[in-house]
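Chemist:
Residue numbers (the working numbering), protein chains in the order written: chain A, 1 to 554; chain B, 1001 to 1128.
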């Protein structure tokens, strides 16, 4: 018995034949355009846009059918081994028959199986009832990763080589255009994300170019300053962050930071005027971006409104000021009466005299505490004036040492000082620098029970004579400072654990004030210490420079 | 020799009492005014020295100082400004006081009565 083709194959053949009969009627003439004209139109279409919409496929398919010596074009999609037509120049009935035909389906599914799915499967012979032999050319379109779209071209004869080349060209173009479109979309969504991030931050964000002109200005800054992005962009920072006393604040920050090329991150609290001339306190923090040669070419600044915070701080400071003042009147009275009592200690027993001395000491401590509290507030509010001028540090140091010699001797300590043999002129505020030295020597004596306190002046940099700076070192053989506590000793209200153990008094404000004073005078203080081995505080004073002289530090 | 007069312009009773008692045995006579207006009136008696508190009810110390110095009769009386407001290092108040013509600026709580008396006597000795 002759082997019969499977039923499905038979019906495929009949469908194929039916289809061929109708081919010519289905391909509508398009304005009688030549094949070349159609090809140009196709190319033009592809340069404009590549989409995955049915409309797009319909246009591609229609024009393509007229660009080749083809009988019909079918564009279909394969997903999960299921074929579904997107467009065809076939009638819908024919299309349905083809799509449901197993043999054709397996042919159509062939694309991509070889792994080289970009290849055009050309010249596949559809064996209908032999003859005629018909050609199916399959062109996989790699235009989206999610679905596999193929163009099937049915033709009477195998396509010409030049037509195949054209198809290669078309598919390559579609691929490229599609990728460009995807990248564009990705870029758009990234831009959108950035813009959302920029404008919906809770903080203000500003970017400046190398001339310190605004290039980016987010919406929170509009709320803060009153300037809209449109108004702010292109202006220099001092117009949009106006500071009457110090308009060049950022330039100054930059100059300060450009000296140390490694330091790029800054933070500072400033009072500014808004567009409506209202006062606002802001905290600015940001970074300088540098080119490879180290020059700053961009600045990114994050701005927070700290007006409320400042207001609270001012109220706190005001409260401390008033409270301190109120405390001082009774303290003054107590001090006065205790001294009047001390005038005639003849009537008191030794024990009572001792009590009186204790009371006087305690009261003096209150006086110092109130003074320290006020100084901290004045430092914080920048109310202290520092007038830097050339000052010879030697006589000042000598004076402080002689002031403290009785106190050291009382504790059995040696207060050593050797006069240096080099010029000792520094840039400083003479009153403040004396306070600093006194405070440090006082501390050294306070926290030393045996041994000595050594004060020495030396050049800051022994190696180069160009460095005119001078350091003052105060070394003691006292109780020292815990390694853990060392980083915090210059903090406000930080009292050392050891200090609490000692019998000495203090509110923990001294070193905070000392450090603030030194920094305001362009200097620097460091400490080295080992518990029970003593501490060394080293102050490096600012050098005497022309610009340091007569400069007032607000 | 005629006894020298020192005018204390101070509103705080605690301190008025303290200084009155503390200076009892001193050679100078202490007069007290409890506010600025009274102080200006008593300054017309031409004391040898005025101790002037800053934080006064009504006319404050700086205003009193300004008026004393702008009056031809009182402008040569030396004035020591006493304060418990602010710290010793608050240059602002100190500079203001000195620029208005005060001869000194003292934080009350820093000086016991003996030291105060010493400062007063030194100042009184200056214009002999």
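Where a beta carbon is used, it is the ideal one built from N, C-alpha and C, also for glycine.
State buried or exposed for residue 398(A), treating a residue as buried only when at least 16 other CB atoms are found within 10 Å of its CB.
Modeler: Along the first chain, read from residue 1 onward, the residue named residue 398(A) stands at position 398. It counts as exposed.
Chemist: DSSP has residue 150(A) in a bridge; who is on the other side?
Modeler: Residue mapping note: residue 150(A) aligns to position 150 of the first chain, counting from 1. The partner list for residue 150(A) (beta bridge, DSSP) reads 76(A), 140(A).
Chemist: Helix, strand or coil for residue 89(A) per DSSP?
Modeler: Here residue 89(A) refers to the residue found at position 89 when the first chain is read from its first residue. Three-state DSSP puts residue 89(A) in coil, outside helix and strand.
Chemist: For residue 480(A), which residues of its own chain have a beta-carbon under 6 Å away from its beta-carbon, when the five flanking residues on both sides are left out?
Modeler: Along the first chain, read from residue 1 onward, the residue named residue 480(A) stands at position 480. The answer, listed in chain order, is 529, 530, 531, 532, 533, 534, 535.
Chemist: From 77(A), 283(A), 216(A), 355(A), pick the residue whose C-alpha is nearest to that of residue 309(A); which is it?
Modeler: Looking up residue 309(A) in the first chain gives position 309. Residue 309(A) has its Cα closest to that of 283(A), out of 77(A), 283(A), 216(A), 355(A).
Chemist: Taking 8 Å as the threshold (beta carbon to beta carbon), is residue 320(A) in contact with chain B?
Modeler: Taking the first residue of the first chain as 1, we reach residue 320(A) at position 320. No, residue 320(A) lies away from the interface with chain B (no Cβ there is under 8 Å from its Cβ).
Chemist: Quick one: which unbroken alpha helix (DSSP H) runs of 4-plus residues sit fully inside the stretch 1058-1096 of chain B? Chain order, please.
Modeler: Segments of the alpha helix (DSSP H) lying fully in the stretch 1058-1096 of chain B: 1061-1070.
Chemist: Does DSSP put residue 386(A) in a helix, a strand or coil?
Modeler: The sequence position of residue 386(A) within the first chain is 386, counting from 1. Strand.
Chemist: Could you work out which residues of chain B lie near residue 336(A), taking near to mean beta carbons separated by less than 7 Å?
Modeler: Translated into positions along the first chain, residue 336(A) becomes position 336. Those are 1018, 1022, 1112, 1113, listed as they occur along chain B.
Chemist: Are the CB atoms of residue 460(A) and residue 540(A) within a distance shorter than 8 Å?
Modeler: Translated into the one-based positions of the first chain, residue 540(A) becomes position 540. Translated into the one-based positions of the first chain, residue 460(A) becomes position 460. Yes.
Chemist: Rounded to the nearest angstrom, what separates residue 477(A) and residue 402(A) at their Cα positions?
Modeler: The residue given as residue 477(A) occupies position 477 in the first chain. The residue given as residue 402(A) occupies position 402 in the first chain. So the two alpha carbons sit approximately 20 Å from each other.
Chemist: Measure the beta-carbon distance from residue 1004(B) to residue 1126(B) and round it to whole angstroms, keeping in mind my assumption that it falls under 8 Å.
Modeler: In the second chain, residue 1004(B) corresponds to position 4, counting from 1. In the second chain, residue 1126(B) corresponds to position 126, counting from 1. About 12 Å; that fails the 8 Å criterion.
Chemist: Which residues does DSSP list as the beta-bridge partners of residue 529(A)?
Modeler: Locating residue 529(A) in the first chain gives position 529, where the first residue counts as 1. 535(A), per the DSSP bridge assignment.
Chemist: Can you tell me which residues form a DSSP beta bridge with residue 399(A)?
Modeler: In the first chain, counting from the first residue as 1, residue 399(A) sits at position 399. Answer is none; residue 399(A) lacks a bridge partner.
Chemist: Short of 7 Å Cβ to Cβ, which residues in the stretch 1093-1113 of chain B face chain A?
Modeler: Here the close residues are 1108, 1109, 1110, 1112, 1113.
Chemist: Quick check: the Cα distance between residue 375(A) and residue 513(A), rounded to an integer number of angstroms?
Modeler: For this step, residue 375(A) is matched to residue 375 along the first chain. For this step, residue 513(A) is matched to residue 513 along the first chain. Rounded to the nearest angstrom, the two C-alpha atoms are 7 Å apart.
Chemist: For chain B, find out if any of its Cβ atoms is closer than 8 Å to the Cβ of residue 515(A); answer yes or no.
Modeler: One-based indexing of the first chain puts residue 515(A) at position 515. Closer than 8 Å: no.
Chemist: Where do the ends of the alpha helix (DSSP H) carrying residue 331(A) lie?
Modeler: Sequence index remark: in the first chain, residue 331(A) carries index 331 (1-based). It spans 307-343 - the alpha helix (DSSP H) in which residue 331(A) sits, taken as one unbroken run.
Chemist: State the start and end residues of the unbroken alpha helix (DSSP H) segment that holds residue 229(A).
Modeler: If you number the first chain from 1, residue 229(A) lands on position 229. Residue 229(A) -> alpha helix (DSSP H) spans 229-232.
Chemist: Any residues in the stretch 338-361 of chain A with a beta carbon nearer than 7 Å to a beta carbon of chain B? Which ones, in chain order?
Modeler: Flagged, chain order: 339, 340.
Chemist: Using a Cβ-Cβ distance cut-off of 8 Å, determine whether residue 1049(B) contacts chain A.
Modeler: Position 49 of the second chain, counting from 1, holds the residue named residue 1049(B). Not closer than 8 Å to any Cβ of chain A, the Cβ of residue 1049(B) fails to qualify, so no.
Chemist: Looking only at its chain, what residues have a beta carbon closer than 6 Å to the beta carbon of residue 153(A), apart from the 5 residues adjacent to it on each side?
Modeler: Taking the first chain and counting its residues from 1, one reaches residue 153(A) at position 153. Closer than 6 Å at Cβ, skipping near neighbours: 70, 73, 137.
Chemist: I'd like to know if the stretch 517-525 of chain A and the stretch 422-433 of chain A are in contact, where contact means that at least 3 CB-CB pairs between them fall below 8 Å.
Modeler: Cβ pair count under 8 Å is three or more, so yes.
Chemist: Does any CB atom of chain B fall closer than 8 Å to the CB of residue 247(A)?
Modeler: Here the question's residue 247(A) lines up with position 247 in the first chain. Not one chain B Cβ lies under 8 Å of residue 247(A).
Chemist: Show which residues of chain B have a CB atom less than 9 Å away from the CB atom of residue 333(A).
Modeler: The residue you call residue 333(A) lines up with position 333 of the first chain. Simply 1012, 1014, 1015, 1017, 1018.
Chemist: Count Cβ pairs between the stretch 361-375 of chain A and the stretch 404-413 of chain A that sit closer than 8 Å; are there 3 or more?
Modeler: Touching, no, given that fewer than three Cβ pairs across the two stretches are closer than 8 Å.
Chemist: For the stretch 378-390 of chain A, enumerate the residues whose C-beta is nearer than 7 Å to any C-beta of chain B, in chain order.
Modeler: If the cut-off is 7 Å between Cβ atoms, the stretch 378-390 of chain A has 378, 383, 384, 385 near chain B.
Chemist: Can you list, in chain order, the residues of its chain with a C-beta nearer than 6 Å to that of residue 522(A)? Leave out the 5 residues immediately preceding and following it.
Modeler: Counted from its first residue, the first chain places residue 522(A) at position 522. The answer, listed in chain order, is 542.
Chemist: With 8 Å set as the bound, which would you pick, yes or no: does the beta-carbon of residue 1060(B) sit closer than that to a beta-carbon of chain A?
Modeler: Counting from 1 along the second chain, the entry for residue 1060(B) is found at position 60. False, the Cβ-Cβ gap to chain A never drops below 8 Å.
Chemist: Would residue 285(A) pass as a contact of residue 299(A) if the rule is Cβ separation under 8 Å?
Modeler: As a position in the first chain, residue 285(A) is number 285, starting the count at 1. As a position in the first chain, residue 299(A) is number 299, starting the count at 1. No, the Cβ-Cβ distance between residue 285(A) and residue 299(A) is not below 8 Å.
Chemist: Output, in chain order, the set of chain B residues within a Cβ distance shorter than 8 Å of residue 199(A).
Modeler: Within the first chain, the letter at position 199 stands for residue 199(A). Those within 8 Å of residue 199(A) in chain B number zero; the least Cβ separation is about 43 Å.
Chemist: Return yes when the Cβ of residue 229(A) is within less than 8 Å of the Cβ of residue 204(A), no when it is not.
Modeler: Within the first chain, the letter at position 204 stands for residue 204(A). Within the first chain, the letter at position 229 stands for residue 229(A). Against a cut-off of 8 Å, the Cβ pair of residue 229(A) and residue 204(A) comes out as no contact.
Chemist: Which value, in whole angstroms, describes the spacing of the CA atoms of residue 1064(B) and residue 1048(B)?
Modeler: Taking the first residue of the second chain as position 1, residue 1064(B) is located at position 64. Taking the first residue of the second chain as position 1, residue 1048(B) is located at position 48. Computed Cα separation, rounded: 17 Å.
Chemist: Identify, in the order they occur along the chain, each residue of the same chain with its Cβ nearer than 6 Å to the Cβ of residue 1010(B), setting aside the five sequence neighbours on each side.
Modeler: Counting from 1 along the second chain, the entry for residue 1010(B) is found at position 10. 1016, 1053.
Chemist: So that I know if they touch, is there some Cβ in chain A lying closer than 8 Å to that of residue 1035(B)?
Modeler: Counted from its first residue, the second chain places residue 1035(B) at position 35. Chain A contact via Cβ: absent.
Chemist: If I follow the unbroken beta strand (DSSP E) through residue 279(A), where does it start and stop?
Modeler: Locating residue 279(A) in the first chain gives position 279, counting from the first residue. Segment 279-290, the beta strand (DSSP E) holding residue 279(A).
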